Amino acid sequence: MKRLGKIALGVGLVVWTIMPIYNMILVALDDDAAEYSGHLWPSEMNFESFRVIWTQDYWYLEHFWHQFGNSCFMGFMTMVLTVAIGSLASFGLGRMRLRHGWVLGHVALLTYALPASFLAIPFVHIMHRYGLSDSLWSVIASQTMFATPYAILIFQQYGRLIPLELDDAARVDGASPGQMYWRIYLPLMAPALVAVGTYALLLAWNEYLYQFLLLSSPQSMTVAVALDQFFDSDEAPWNYMMATAIVYSLPPVATYYALRRYMVAGLTMGGVKG
Amino acid sequence: MSGASQSLEIGRVSPARRPFRFGTPRGSERAWIGAFLIPYGAVFVAFLAYPVAFGLWMGSSPALYGHLARDPKFLPTVVNTLVYVGIGVNVTMFGALLLSGYFLDKSRWIKALLVLFMLPWALPAIPAFVSWHWMLISHHGLVNSLLDQVFDIEGPIWFNEYWLALGANIVATIWKWMPFWTLIFLAGRMAIPQDIYDAADVDGAVGISRFAYVTFPLLGNLYLICTLLSTLWLIGDFTTVNFVSNGAPARMTEVLATYGTHLAFQSGDPPLGAAAMLSLLPLMIPLAILLIRKIRADELQL
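Line order of the protein sequences matches chains A and B. Residue numbering for the first sequence follows the working numbering, beginning at 3 and increasing consecutively. Residue numbering for the second sequence follows the working numbering, beginning at 56 and increasing consecutively.
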């Protein structure tokens, strides 16, 4: 009986999880989106919309691969910068026995209290002042800024697992703090670095508002913004849009499943050591 | 930064002079710490402190709030935000807490199920929410087709009814974020030593009483911290409402994030938009303070 309940819950969870994803595939495989007819199964396997994306054969999708490249560049730079800046800061705060270092950690934490959408309005103005409007770097800056406090938190927590005696031993051997960071801290932190890097990548890939507000030309646009353009038109081909959405979803899903072990270990190690 | 580290190289005297296990850093180490913290400091000042100060300045005129108060859409929007965040966060967190117990099971198929269950979290928000919108729109969306063809019920026009549209936003948010928190709570449960449960067993705490008197008190702080965090995140959430209901019907289900953004960029009144966002500050500051105190008190972090 108990086992039956577990199986029922399991089946329910599968349906709940799969439904929107199944819907994406269903719409993408539909041959004529204009007359969407409420099939529960795709009537025929029609890969036309994927061909259109591949060849950029529709005017909304003219720059698709360029924009896909933009998304990748943005995600990758956010990941690298978050890991670099976060690990430097947490090394400085956590390993160097800085008096009052925790104050800085808390100031970083305050970022959490800021809703991303509140900051967006002044952020767009400031980016104009910096001359970064319509530049991918403005989006990278915003995402790095949001991801870094979390990175510092996780790194600080994870860093406690590395004995400070290692640093002392390195000091005695004449290592500079820079060498300690590069040769001892970073290699031992590898799982946390991977976890936080993936987190930053997913964050940037998930984000929409800043990309929408900051990027306007087709050249600098990312796929997230391009996807939204489909909503501007009444006759937009929904099957193309859903196929685009599926292609856009593949990199983060693949990254997550490839690095799942590191991710879970890194996030939860830092997360719940009581 | 490279300039800083260069001068540090010069400033570095024979390291052996420095006794180890010193309480606070000094001399060249002090300069090194500066170098380590400069990148984050620069990002913080240029991309956080300055925009925040600018935003506060934008929304500082009291006249703006008078203007907001006279807008008939403002109060309903605040109510929507509170309902959306209040229900969304609590159902997500409590559901995640219960599900984390389910996923504790060691059997192979439940482990495989967890891998699948994490999919919404890995999936980017926009495709997911576009799909939710598409699933519910018109009589031909997947949900209504299912209701019609399997159960022979004529489904409602979801985005024509206030409660259904608001509910759709909430359900989509839960779908997207429950997996992440389930994972966090699962790790929290796994960190509870088995002997505590063994002791509870001896005392006869099983089933619900085990959950109520052992698991929940031990996870209580984690639960509170996660709830606060997800509340703060959800208050700033623009994407869900923008893509799932897009304010339908007739801009009735907007939350402050979408309302403020529309004011700022579609109505071309950025100060008013900033003021709309700032109007939740009295709620958010106590939450943020509580969060920081909790994190500090326990050294238990997320």
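For every residue, glycine included, the Cβ atom is placed at its ideal position computed from N, Cα and C. Just so you know, these numbers come straight off a predicted model, no measurement behind them.
The three-state secondary structure of R162 (chain A), taken from DSSP, is coil. Going by C-alpha positions, M307 (chain B) is about 37 Å away from A10 (chain A). Annotation for V226 (chain B): the continuous alpha helix (DSSP H) segment containing it runs 217-245. Rounded to the nearest whole angstrom, the CA to CA distance from T313 (chain B) to V296 (chain B) is 7 Å. Annotated as distal: T237 (chain B) and F149 (chain B), with beta-carbon spacing of 8 Å or more. Separation of the CB atoms of F157 (chain A) and V198 (chain A) is rounded to 7 Å, and the pair is thereby assigned contact status at 8 Å.
In this structure, the beta-carbon distance from L168 (chain B) to V16 (chain A) falls below 8 Å. Cβ atoms of L287 (chain B) and K349 (chain B) stay farther apart than 8 Å, at about 13 Å.
By the rule that beta-carbons nearer than 8 Å mark a contact, A149 (chain A) does not touch chain B.
Look at the region 122-149 of chain B: it has no residue with a C-beta under 9 Å from a C-beta of chain A. Y95 (chain B) is not a Cβ neighbour of I128 (chain A), given a cutoff of 8 Å. By the criterion of a C-beta distance shorter than 8 Å, V54 (chain A) is surrounded in its chain by Y60, L63, Y242, A245, once the five residues flanking it on both sides are discounted. The residue among A:V255, A:Y258, A:A247, A:Y259 with its C-alpha nearest the C-alpha of A30 (chain A) is A:A247. Just so you know, the alpha carbons of L163 (chain A) and M26 (chain A) end up roughly 43 Å apart. Distance between S218 (chain A) and G89 (chain B), taken at the CA atoms: about 38 Å. Residues of chain B with a Cβ closer than 7 Å to the Cβ of L195 (chain A) do not exist, since the nearest Cβ in that chain sits about 16 Å away.
When CB distances to chain A are screened at a threshold of 7 Å, the residues of the region 308-321 of chain B falling below it are A312, G315, T316, A319, F320, in chain order.
Taken through DSSP and simplified to helix, strand or coil, F49 (chain A) comes out as coil. Straight-line spacing of the CA atoms in S119 (chain A) and A319 (chain B) works out to 11 Å.
Within 9 Å of the CB of H68 (chain A), no CB atom of chain B is found; the nearest one sits about 18 Å away. Around the CB of F99 (chain B), 16 or more other CB atoms lie within 10 Å, so the residue is classed as buried. Think of a sphere of 8 Å around the beta carbon of G12 (chain A): the chain B residues whose beta carbon falls inside it are W164, I165, L168, in chain order. Residues Y183 of the same chain have their beta carbon placed closer than 8 Å to that of L90 (chain A), with the five preceding and five following residues left out of the count. The criterion of a C-beta distance shorter than 8 Å is satisfied by Y210 (chain A) and A180 (chain B).
The closest CA to that of I208 (chain B), considering only B:F293, B:L221, B:H194, is found on B:H194.
The shortest CA-to-CA distance from P124 (chain A) to any of B:L202, B:L130, B:L338, B:L333 is the one to B:L333.
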